[in-house]
Every structure is written in C-alpha cells, then in structure tokens.
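All remarks here apply to the structure that follows.
4 protein chains.
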Amino acid sequence: MSTSYAPVSEHLDDVEAARAEGRRKMDWALQHMPILTALREEYEAEKPFAGQTIGMAMHVEAKTANLVELLADGGAEVAITGCNPLSTHDDVSAALDAHENISSYAVRGVDDEDYYAAIHSVVAHEPTITVDDGMDMVKVVHEEYPELIETIVGGCEETTTGVHRLRAMDEDGALEYPIFAVNDTPMKRLFDNIHGTGESSLATIAMTTNLSWASKNVVVAGYGYCGKGVAKKAAGQNANVIVTEVEPRRALEAHMEGYEVLPMAEAAEKADVILTTTGNRDVVTREHFEQMKDGVLLANAGHFDIEVNLDDLDDLAVDRYEARDGVEAFEMDDGRRLNVIAEGRLVNLAAPIALGHPAEVMDQSFGVQAVCVRELVDNGDEYDAGVHDVPDELDRRVAEIKLDAEGVDHDELTDEQREYMGSWQHGT
Amino acid sequence: MSTSYAPVSEHLDDVEAARAEGRRKMDWALQHMPILTALREEYEAEKPFAGQTIGMAMHVEAKTANLVELLADGGAEVAITGCNPLSTHDDVSAALDAHENISSYAVRGVDDEDYYAAIHSVVAHEPTITVDDGMDMVKVVHEEYPELIETIVGGCEETTTGVHRLRAMDEDGALEYPIFAVNDTPMKRLFDNIHGTGESSLATIAMTTNLSWASKNVVVAGYGYCGKGVAKKAAGQNANVIVTEVEPRRALEAHMEGYEVLPMAEAAEKADVILTTTGNRDVVTREHFEQMKDGVLLANAGHFDIEVNLDDLDDLAVDRYEARDGVEAFEMDDGRRLNVIAEGRLVNLAAPIALGHPAEVMDQSFGVQAVCVRELVDNGDEYDAGVHDVPDELDRRVAEIKLDAEGVDHDELTDEQREYMGSWQHGT
Amino acid sequence: MSTSYAPVSEHLDDVEAARAEGRRKMDWALQHMPILTALREEYEAEKPFAGQTIGMAMHVEAKTANLVELLADGGAEVAITGCNPLSTHDDVSAALDAHENISSYAVRGVDDEDYYAAIHSVVAHEPTITVDDGMDMVKVVHEEYPELIETIVGGCEETTTGVHRLRAMDEDGALEYPIFAVNDTPMKRLFDNIHGTGESSLATIAMTTNLSWASKNVVVAGYGYCGKGVAKKAAGQNANVIVTEVEPRRALEAHMEGYEVLPMAEAAEKADVILTTTGNRDVVTREHFEQMKDGVLLANAGHFDIEVNLDDLDDLAVDRYEARDGVEAFEMDDGRRLNVIAEGRLVNLAAPIALGHPAEVMDQSFGVQAVCVRELVDNGDEYDAGVHDVPDELDRRVAEIKLDAEGVDHDELTDEQREYMGSWQHGT
Amino acid sequence: MSTSYAPVSEHLDDVEAARAEGRRKMDWALQHMPILTALREEYEAEKPFAGQTIGMAMHVEAKTANLVELLADGGAEVAITGCNPLSTHDDVSAALDAHENISSYAVRGVDDEDYYAAIHSVVAHEPTITVDDGMDMVKVVHEEYPELIETIVGGCEETTTGVHRLRAMDEDGALEYPIFAVNDTPMKRLFDNIHGTGESSLATIAMTTNLSWASKNVVVAGYGYCGKGVAKKAAGQNANVIVTEVEPRRALEAHMEGYEVLPMAEAAEKADVILTTTGNRDVVTREHFEQMKDGVLLANAGHFDIEVNLDDLDDLAVDRYEARDGVEAFEMDDGRRLNVIAEGRLVNLAAPIALGHPAEVMDQSFGVQAVCVRELVDNGDEYDAGVHDVPDELDRRVAEIKLDAEGVDHDELTDEQREYMGSWQHGT
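Chains as they are written, first to last, in full-length UniProt numbering: chain A, 1 to 428; chain B, 1 to 428; chain C, 1 to 428; chain D, 1 to 428.
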C-alpha cells in the first residue's frame, strides 16, 4: 500500500484556473465569516503558530480553507488532506496549495488507496498539532507513526463521531496526547449541528431532488443535536416529522416537542424521506427496506455511510440506476423504487451540488478550532494525554467575537447580581 | 425583427443525448406528480383534445413537460416556447420536441429577438387554445395575429402578474376570448405560491450562496401569497423576518403574525437579504441601495426583473463582477458589496442551479391547468370573452385526486349537516 | 311566553358595586383597544348617531361594552341584551345600564324564557339599527315585529354562523333590510377568528384543566379560519395537531401544512383533546364517543352547543359529575371518563373563567362594527335589503387606524407603481 | 418569633368541604399523572419509606399533593408546608392533612412570621429526609436545628434557584448532608422548565389580563431553560420575542434562533410585556421603568419576587391601584401605567387564577423526586454530604415509565450497534 501521494497541484490540468476559482470561493466565504476575519487580524500580527507544523484531515472546501489559511498566516506550516473522498473541492485545495506555508494533498474522488496515501503524506510533514474531522489523523499517527507522538503538542477533533471514538480510545488508555473535543462545545453543538446540519442537509436534498418538504413524512433517525436540527428545520418547512431514538429521554423530548416517535420498523412504512443522524451503523436495514413506499428518499446526515445499510439494499434490488444526479434508484422486485441520495454518505457534503455547512455556521466552529490550536501552542503542556473539553473561557470568547461582529449588544451582570448568584443566604 | 425560430432540436449539438437526459428528468418529476399521472390515464383513453392546437409559453422544464405531454397524449397538437429566456432546460425541451404531437421552440439564454421569434413560431401553428405563464402568448395574438382570435376556444394563465394584466386588459374591453385565471384558484394560490415559491426560493438562495437563514434579517417585500410563503419558510428556518407592504390590511396581517413591518427605506438598512415578491416595479431603488449593509443579498421571487432596480444599482456601482456562480457583486464607492442573485430575475427559475417549483407543488397547478383546458374544449362556448375564475367544481376535483393519491381520507357532510348548513331557522 | 324583561339593574342585589366593577373591567379593556379609542374621539365630537336607536344582542362583557358606549357617546339610544345565556358579565351589564343612553337587559344564566323576553325588551325600543352576534335580533324582528322593518336603516352581524344563516335567509328572499356581513371582512376573519379564537380557546382550556398542550393529540374539527387559528396556536405550543374536514381543498391545505388529516372516526381514537370549530351540528357523536380514550377533553370553539352531541353522550354515560369547575365528566360503563368543557358551549365565552376574545382582537372587529353602523346612518339608503359585504374602504380604514395606533409604518405605492399595476402593456 | 404553627385543618372554617374540594382537585390531577400512578402501585405494595419522616416545603396544590400522598402511601410520615405564601391551596392542604401519615401546615396568604413558624412546625417532626422547592427546609435545618443533621439521610431540591444556592453553600463547605439536584436532571429541565413554565406562565397572564400574544413585543429576561420555554411558546403564539441575557453563548443562541437580543435598557422601551426568568435580582429597575410604554405588563417566571424591583417602581409611582384581579397598576407622573402581575411573584403560581405547572409536566418532575427519595432510603449511605446529580439511571427509568404510559414505543440498540458505539477502530 502506497504511503505517499503528491500535492493536489500535481493532479490538476489547469492549476492556475483552479487556484483562481478556489480563491474566489474562499473570498465569498470569508465575507460571511466574521470570527475568522477578526482572529486573522490578531494572528497575522502576533504569529502565535511560528515553529509549529499542523497536520489536518478535514473537508477541504472554501470555509475550511479560510481556517487553514488563518493558521498558516499565523505562522504555522500546514499540511492537509480530505477527510472524505467526495467532499474535496479541487479548486479550493489548489488555492491552498499555492500558499507558501501550506501543502494540500486533498483531491476529490480518490480511491481508498490514494485516500490513505494522502493521509500518510500529511503525516510525513511530522505535525506537532493534528486537527481532525473524524480522527483519521489521530488514528494513523497512533497506529503507524507512534514515534511522532513525543513531539506532538496536541490535537483538535470536530465531529461527534470522532470525539465519541476518541473517548472510547481514551478509556482504553490508548490515546497518547491531549485532544480538545471541539465538537462538544456549546458553540459547536448548538450552531453547527442544529443550524448547520439542519439547514444544509435539507436544502441539499431539496435541490438534488426538486421536491418539497410540505406534507412529507420525514423520518429523522436519532434526536441528538443533528437530529434536533433536521427535525426543527423540516417542521419549519411544514414536514410531518417522525423521530426514531434509542435513548428514552431523547425519545420523550421528541414526543413532548409534538413529533411522532416510532421504532424504525413502523416509521419506515410511513416515510417519504428518511434522514439518519445517529452516528451509528445499520439504522436502516433489510426489514425496513421491505416495507418502504415507492419513491422514498434515503439520506444520511450523520458521519459515515453505514447508517443506511446499502449491502442489504443491493441484495434486495433487482436493478439500480442513477435516477438523477446524486440519486441512485434501487428497484425492488415489486417495482418499488428506493432512492438513495449521495450514496448514503454525509448528504450536505457528498451530494454533487453539496456545499457543506453554511459559512456563518462554520465560522463559529472554526473560531473555536483556531483558539484551541492557540491554546495548545500557548499552554499545551498543561494538558495530559486524553480528551479534553474546550476551556469554557475560550468558547465564550468566540461567542463574544461573533456577537460583536453582528452588532448584537447584551447585558452584563452588575456586582450586586454577581454577588447574589454566588450567595445562598437570602430568604423568600 | 424575425418572426420565426427553429425548434430546439435544430439548435443542439447532441440532440439524442439531450433527449435522453430530458426524459430522465421528466421521469423523476412524474414519479412525484400523482395528479398528472391519474389524469394521463383518463386522457390517453378518451383523447379529449383531438383536433385542438395548443400554443404555450411557459417555463420549459421537467414538470411543465409532463403537462405538455399529457395534453399531447390527450390528442392535442402542442407548440411551446419558454416564457423566460433563462428558465428553459434545453434537454427537456428536446425531449418534448421528440414527441410526434409536440413542437418545442424553447432554447435557454436566447436574446430578445429570438425570444419573440420563438413566440411567433408557436403562433404560426394557429393555436385554438393558449396556455400562458405571463400572458406573452395572449399579447402577441391580440396585437399581431387578431385574425386567429375567431377560432380560439380560450386560454389559461397561471401567474399572478399575468392574471393581473389580463384583468386590466379585460377592463379596457381589449380581451377577446375567454381565459381561465388558473392563478386565482385555491389550489394554485395556497400551494404553488405559499409552499412552492416559499421553499424553492429559499433553497435556491441557500445553495447558490452557501449561507444560512438562522438569525438573518430577511426582508420580504410584499405580503401576498408568495410573500407569505417566503416569510413563513424563512421564519421556519430561524430567520428574523421583516415585511414591507403597501396594503394596510396585509401590513397588519404580517404585524399580527409577529413579523416586523417597516417601510423599505428602514428595512433596507437592517437587511441581510431582501426578497421581492410584489409583482410591481422599483420596489428596491437607489435610496435603499445607499443604506444597505456590506454583503447584502438581493433576490426576486416575484415575476419580472424590475422589482430590484438594477439600473439604479449599476449607476451607483464603481465595479461589478461575478462573486460566485449566480451572484453578481455591485461594489459601491465606500467598499460595500451588494450581491444580486440571478440578475434579479425570478430566483427559483433563473439561478444557475435553479429547478423551479417542487414537482409535487406544480402537479397541483398543472392538474388545474389540465382540467381547465378540457373544460375549454368541452364547454368553451359557455364562456364569454374575458377573464374567468376557474369553476369551483374543477378545482375541488383536483384536490380530491391529490388526496386520494396521498392516501388522505376525510369526512363527508351527512344529509342532516348539509341541511343544517343551508337552513337558518335554528335558535340558540 | 313573556315578552318583557327588566333591565339588569333591577336584577342585582348590589348595583353600585356591580357598576364599579364593570367599569373597572371596561377601563382595562379600553386601554388595549386603540381603534375604539380613536373613533370615540371622533364620534363624541360629531354625534353621528343622534336620532338613531340601536338594538343589540351580543356577548355582554367589557370589550363589547366599550363598543356599546362608543355608539351611545356618538349620540345613539342603545338597548342591548346577551346573545348567549352564559356569556354575560352582570357587572359590565350594570355599568352599561347606568349610562343615560343605554338600557341593558343582559343577565347571566337566565333561562330560555327570560333570554327571549330580554330580546323582546330590546325590540320594544323600536331599533332603527340592529347589531347581532348570531342573528337573534334579526330573526325576532322579521318573525314577530315585521312592522318595525320599515323604519330600520340596516344591521350588522358579526359571527360566521349568523352570516351563514342570513345568506340562506337572503336567498329565500326573506331578508327585508340591508345587513353588513361584518364577519366576512379581512379585518374580522384574519384576526378575530385566527388569533382571537385560537389563543383564547386554548388558554381557557389550559387554565380550566391545568393541563399542557405539549405532545397532546389535539383534534381540530373544521379547518376554516377558526380551525386554522386553533391548529396554529396549538402546534405553536407543541401539540400534535390532527384536522378533520369535509371540504377537500381545506383538507389538502391542512395536509400541506404538515398536520395529519383524518376522518373523525379515526381521529377520535387518537384524541387527547377534541376542539370543534365547524359551525355545524353532530360533528362528534356516539360512534366517536365509543372509541375515545379515558380522560379525553371535549370542547367547542364554533358557535352553538350542537357540535358535540351531548344527548348521545348522556345516553352512553353511566354517570356524570363535575370533575372540576367547568368540566363535566361522563363516565362510560367501561370506566372511561369523557370530559366535556363548558357544556359544549363556546369555550372561550362559556367556561367559568372565560373572558372571551382578547381585547386587542375585539378592538379590530368592533372598529369595523362602528364604522359600519356609521355607514348605515350616513349612506344606508344606498343599500338594498339583503346581506352586504363591508365596503373595502371601510375595512381598510380600520386597519390604518390600528397600524397608526401601534406605531407601524408601511410603504405607499408611488404613482409609477400604481400605473404599472393598472397597465398590461409591459413585456418581459 | 414564633416557632410553631398549627396544621391547616385548625385554620379553616369548613374543613370537611375543603377536604372534599381538595380531593376532587387531586383526583383530576392524578388522572393526568401516569408516572405517579405507576409508582404508587409499586410503592403501596413495597412500603419502601417505612420508618422515614419526610419534611417538605413545596407549593401545596393538587399535583404536589399526589407526590406527598405517594410518599405517605409508601410508608413515610410526611410533614409539609408551603414554599411561597401565595401558592398554597388551602383545600388541597386540608385534604392532605386528613391523611393519617401526613401533617400539612401550609395555609395561603400567611405573613412572614407564620410562614417561618410553619417551617419550624415541619422541622419539629424531625425529618430524616427533606424535600425542598427553594431550599427553605435545608436552610432552617442547617441554621437552627443542626442537631437533626446526624439522622438526616438526605434531601431533594427541585428549583434552579435552590440548587444554585445549595451549590454555593456546598462550595463554602456548609452543606452537611447529601442532596439530589432534581432540578438539574434532563427530565426536569427539558420538560418542567421549558414546557411547564413556558405554557403555564403565558396562559396565566393571558387569562389574568384578557390580552393576546399576537404581535406583542414580549421581552424575555434570561435565556436559560425557563427563558427558552417562555420564548418558544410566546413565539408559537405569534409574539415578537426579544431576549436579554448576560451570558454571551446564550445570547448568541437566542440570536441564532431568530430572536432579537438587546440589553434591557433598550428592550424595555419596546416592551409590551416583560417576563423575567433569570433567578437573579434587579433585572428590571428604575432606569427601565422610566422608559417603558403606557400599559406595559411586568411579570416574573423566575423564582423570587426580586427580579422586578418593586421598590424602585413604588418610588417612581404617583399612584398605585388594582387595575384588575392580579394586576396592580403603578401610575407614573406622566400618566403612564405600568402593570405588575401577581406582585412580581412567580406568575404561574401566585396570580389569583394561577394553577402552577400543568399536571403532566409535574408528573415528570415528581416522578424523579419519588425515585430519588427511594434512592436516599435504599442507598443514602453511598452519598457524601453535598449536592449530587441525580444518577442517570434513575432519570432514565422515569422516562421509560412515561413513554410506556403514553404508549410511545422506541428503538433499542442492537448488540452490534452497542459494540460499534463503544469502539473506535473503524475507518471511513
């Protein structure tokens, strides 16, 4: 298996054109990323990352690129590759690769071998900091390049799934450097997962299918932050939302919100659309496919393409064909067509027209990433190996930057109020 | 000025490929158009349109194409062209043109001269029925081919703007054959305008800009059915909706709904996005451009591209450039960038990624069109020249077809209830 | 049968206390009725109603009282009684009766004989104008006092049910003076029915039962304006709304809104609450009672107490008792308890704690009433006998008064825009 | 100061009537409390609380009473008093006092001296467990009866404010027995605070004032769980919600939800209604009163009556009078009337018509209370002195009981899924 892959610039026919287009995309996004804009001013002046090498595996598109460039402009050497073979924008990758401090190995649509080779090429830069969207970088370092761990300051992980796995790894005592669970901050969970995943998944599906949400039975599998976002935005467009869950309090939360809560075996029968957001495998399987209506849409807004079991579906199908760009129809022997969007991969990133999260939403998550990378550089030795919550003060600071940028003013506690909240000696 | 334009098949390089792709698009749409599917079965058997020639000027894309084919399969000869130079899908146009009963002259991006030449080519078929999306066909017939009027049975008009103008023409005594105001039916207004325009305009803008609705100040100009739809769906995605209106009861309606109501002069200052839905001209002009924020998005969900005054904007701009596919930035001398989406044309049709209304929504409007065309053929001599409301029974029948297709059952009045509702001699 | 009933002041023990309390209620309401406040200033100065006698049968409570007083202060002699035996506030009735130009015969809880006797007492004043909430006054005049019709200038009717019956009467050629269908104005339908009925019905039920809406299956019978209001406000409090309807387009409208639409026979099984808003009879009957869940709540937000068939329910019950103030439990032989709120009468008026519509909402309806009464006085001879729509200009004027009072500014059409909207000679 | 107060039965004129009415209220509530119903069956059989004495200070009304009776039926001796002088229902208190294992000292409207005397009477029973709604019981025990602490097994505290203070006390090292922070469980926060406080506060205000929410500027002070509930339910009734906050991420959360976020100094000017939910003091003060609109409503949905500074308001007022039951008007020298609802006390408990939280919502909180009390009895010695989170498994069990009772079925993780979620060795 190859462990080396050339930078994107060597894979493209017209690199200059790609760079220009990538830059144009980055410029547009940056217009709507006030937090990164504010931080860039600060980091360009201070160069806090001088001497650091940052290895990244992330969705390489315009918004991420503005974070990457911010880190590079702050003094770091950055090596990056994609974290999903279908989410890379080659033009943006090329624009990044043109930066003197950045090497980008991300190329859209690579096969598994090249995908992993690119990760190895990033690791070959000997990163002192890793920034992940699904812990690929952390995994490769731990399994194949343990010698690097000694000089690694720390890392950041942004996805629910990645953090989940890192915590499992941490519990096994297998995680050997400190990693900030960026995914778990209020700034990430409340905005990225709810508004970002919610809006972009639905808009991507609507624009891939030319269908409407009004009156649709939309089954949302999982009622975590992503599921809540999808449910809320679908209901906000007049869908009839049905929720499936395994945790009773989340099931009850969905029920109290006014949604119908059903086991998937019952929900699948009613579904016009099923959107998985669980981060788990085999959420939609053979027994469900067998009872779905003709024309149902199946999509995934979780992480990996294992939520809808495509092997089961392929087994059942007598025919499969592209019904529309980004939609594959699986035809059953009774004539029913089950339509899988974006191959069951993360729909707002992997569909042909997908753009990922909205820029403003990513600005918040990336703002947290940026201040966390700085925290690692400034105070990394204060953190033991293992998963760490992002210090509340950092997260809070990013919120303040955003509110300032939006011109939103808010109250401050008076001294009397602060004293009151901290005391307990007041009666009725 | 040319009065003849060749069918689309003569304008394309690879007609066969275009036809196949167009057919694939039509098939997908038809899967989600249960009303047309039900009617097709009936019309293919009965051939109610045998002997009729139908001249159409409509948005030529997959959903409309299924209506066109339904009419042709019902026995009519159909000639069609586009009603907007940017809304035609050449592949769908080619697929239609391949039908033995259909000639399609619609080609995307034609200039004004060819646009009108194509209308003339349609009229050259000597239609006995006209079906319009903006009264272009009616206008040309009346102004340039009055000799055709004697044999015309009647027409249908689907847009708010078209009906508005036809009524004005009718009041002037200038309308010389009967036309059904398809736009004014409950089936059209409640679903097409509210759900169709609302959802598709917002999804198109989101996927053109990669931006989010959450927390945005979205100014909706006009609170008619389209405006209500846009406002409702934007609020459903956590936008802060601001409405501008000229009719006091509509203004009050928006206010009571919880939206902020402002004159455009005040709304423009606050806007992150402005969406016009008025059907009127000069809704956003110089005085408004002067006070907008950097980065504002301007789009139109009304009919013509005159709601946002682009001449005023061009006058003010020191530079204009494509900021992103489908987005033109107008840069002011103070550095502010005002971003116009889809050239201020109907955004859900004219943006590069636009798909028009969702299929299910158009199914309802086209179902009404189809039964109205049949009514003209069956009972056209019962209607005087002028604009006619669609007979309530026809509209109601389309609703029943849709509910049946969706498996939605509902109550019927009992005889006692019917008697009660018709009587007045009951006390407290 | 008696045809005379004494004014309220003769029925109360402590008239002075009642008057003071009634006045306090009226003052509170008037604070939140900016339209009546604005009109009072105008009418007190101009005395447009001098010489007229106005006979009214309405819900006599604080808000109505401010309309009554406005008419009296505008110069009219007013005689009033209730339009529902349970909706009268004796204290407010007493406060009105204290006015030198007003005689009030409304007393809470009177029996049928006194109820009709009070109507006769009002008619004995020989009204020249009638103002009704359910056409009781019109009916008595036509059936028993036809000699008065010659001098009657006209009338106003405010309820859906009343207008429905008046139109039936009109079609029979039986209506002998002009009546404004106040109920049918945009100002009445959009605000009173949607916001007024919606909010006050739900708040009354919540405060009568101490129950929550979140997660409840709330069956709304009828999807007219009242039904839409109830459905919208219940969904806004996280109920799961189920709609029953007999008109297919309304059923489809509810379905497209995302609500479940079912026949009552299926809805009744799922219901936690059933709220009828149809204006029809026998909407909930024996076959439905038989399958309801234990603890279901049954309430009516339509007009008369015949929507829920209490005779059927009583037949089925093995016991009935007051479960709580305003709630009667009907116990079935299998132990299920079916709880009827406010005896199946209009819940926001007839429940023990009911307050009727919110003050601001009634202000709009009563504003229309007031300008309509003035229109009858000023231009009554221009209207033939029969039901008349409220002239659009009057309705519009009331909207303007309200927007002014709320400080809401809105746009005006420019001359160019007005010309554009009236013309049809503009191309694409 | 007196330290003894007689049970409620000795304070009432007609104890029997009060008991019957209280029992009727309790029966109604219990119909809608499926969790307590399920637990009662279990506890009556097992008598887990035999030998324990439970001292409670809670809002004594029908729902709480069902918890109290459940504990008594489970074998405990219970002594209870109110936690707010205005929230007690004497009839319910009397019904409890009639139970052989229960002594109730709660009497509505007692003065400060009797309020504290009643607490002392409860403590005189020498409780082994305390259950608090605001930590009054804990405070008195620690300050005045430290000798009891040795035999106290532990306690439960249900309010946000109480837990906040207990944590402060715990940090001071002053808390000497274990207390479950019932308030902090998902079951409490998500349902009681959001749905309970949200719905009941708004319904109480609507029915106290006869006003509507549609189009009102509703200022919600604080965007914690209570604030979120109030904001959501107000927006769901078409209010225009404005949020004030001191924590930047909560402020941002409200902003992203689409609400306007302002400092109170700006919000107060726009407000039609201000609802405080902060748990802090002096949220609305002189500087805010000075700029409010005539007719504004001021209410508190937090805990104590110190959120709206009534001293400041009284200083500014030239007159104050009861404008309506439950509403006191403060008249400013410029004629503006500022209306304070329920004396600024917890509006859904202290208003004259207030009923507290809905029964179903309290059922969830009380279900957690009940299983926590049992946990103290069964395993109390495993908990150190200090504030403890409710063990997740207990909270989860209550959710399961509720879902069962509502007939809501949900999915379970398969073994493969459980294994997957716990592992980290899966690649893309």
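For each residue, glycine too, the CB sits at the ideal point set by N, CA and C.
Buried or exposed (CB count within 10 angstroms, at least 16 for buried), residue i
i        : result
A/PRO85  : buried
A/GLY427 : Only weak support exists for where A/GLY427 lies, its pLDDT of 41 falling under 50; the value from the coordinates is given anyway. Classification of A/GLY427: exposed, given that the 10 Å Cβ count is below 16.
A/SER104 : buried
D/GLY51  : exposed
A/GLN425 : Legend: pLDDT at A/GLN425 = 47, less than 50; position of this residue unreliable, value from coordinates given subsequently. With fewer than 16 other Cβ atoms within 10 Å, it is exposed.
C/TYR420 : buried
Unbroken alpha helix (DSSP H) run spanning residue i, endpoints
i        : result
C/SER87  : First-last for C/SER87: undefined, no H or E at that position.
A/SER2   : No alpha helix (DSSP H) contains A/SER2, which DSSP labels as neither H nor E.
B/LEU70  : 62-73
C/ASN348 : 347-350
D/GLU16  : 15-31
B/ASN379 : 359-379
B/LEU36  : 34-46
Minimum C-alpha distance to residue i - residue among the options
i        : options                                   : result
A/ALA17  : A/ASN238, A/ALA98, A/LEU71 and A/ALA385   : A/ALA98
C/VAL153 : C/THR159, C/VAL138 and C/THR197           : C/VAL138
A/VAL273 : A/LEU310, A/LYS216 and A/ALA29            : A/LYS216
B/CYS226 : B/ASP192, B/TYR259 and B/GLU245           : B/ASP192
A/CYS83  : A/MET362, A/GLU126, A/GLU69 and A/VAL122  : A/VAL122
C/ALA214 : D/SER212, D/LEU211, D/LYS233 and D/GLU419 : D/LYS233
D/MET26  : D/ARG374, D/ASP404, D/THR64 and D/GLY326  : D/THR64
C/ASN238 : A/GLY258, A/PRO248 and A/ALA251           : A/GLY258
B/VAL92  : B/VAL377, B/GLU77, B/VAL68 and B/THR414   : B/VAL68
D/HIS11  : D/ALA94, D/ALA29, D/LEU413 and D/ILE54    : D/ALA94
D/LEU310 : D/LEU297, D/GLY344 and D/TYR115           : D/GLY344
Sequence-distant residues of its chain with Cβ nearer than 6 Å to residue i (five each side left out)
i        : result
C/VAL387 : LEU166, ARG167, ASP170, ILE179 and ALA181
C/HIS195 : VAL361
C/ARG286 : ASP312
C/ASN240 : ASN217
A/ALA251 : GLU245 and VAL261
C/LEU275 : VAL220, VAL230, ALA299 and ALA301
Sequence-distant residues of the same chain with beta carbon closer than 7 Å to residue i, five excluded per side
i        : result
C/THR244 : VAL219, ALA221, LEU262, PRO263, MET264 and ALA267
C/ASP319 : GLU331
Contacts around residue i, its chain only, beta-carbon distance under 8 Å, and the 5 residues preceding and following it disregarded
i        : result
A/LEU148 : VAL123, GLU126, PRO127 and VAL141
Extent of the continuous beta strand (DSSP E) to which residue i belongs
i        : result
A/GLY386 : 386-388
A/MET56  : 53-57
Start-end ranges of the beta strand (DSSP E) lying completely within the segment 198-285 of chain B, minimum 3 residues: 217-221, 240-244 and 273-276
Uninterrupted beta strand (DSSP E) stretches inside the segment 297-323 of chain A (no shorter than 3 residues): 297-300
Whole beta strand (DSSP E) elements within the segment 125-156 of chain B, 3-residue minimum: 129-132
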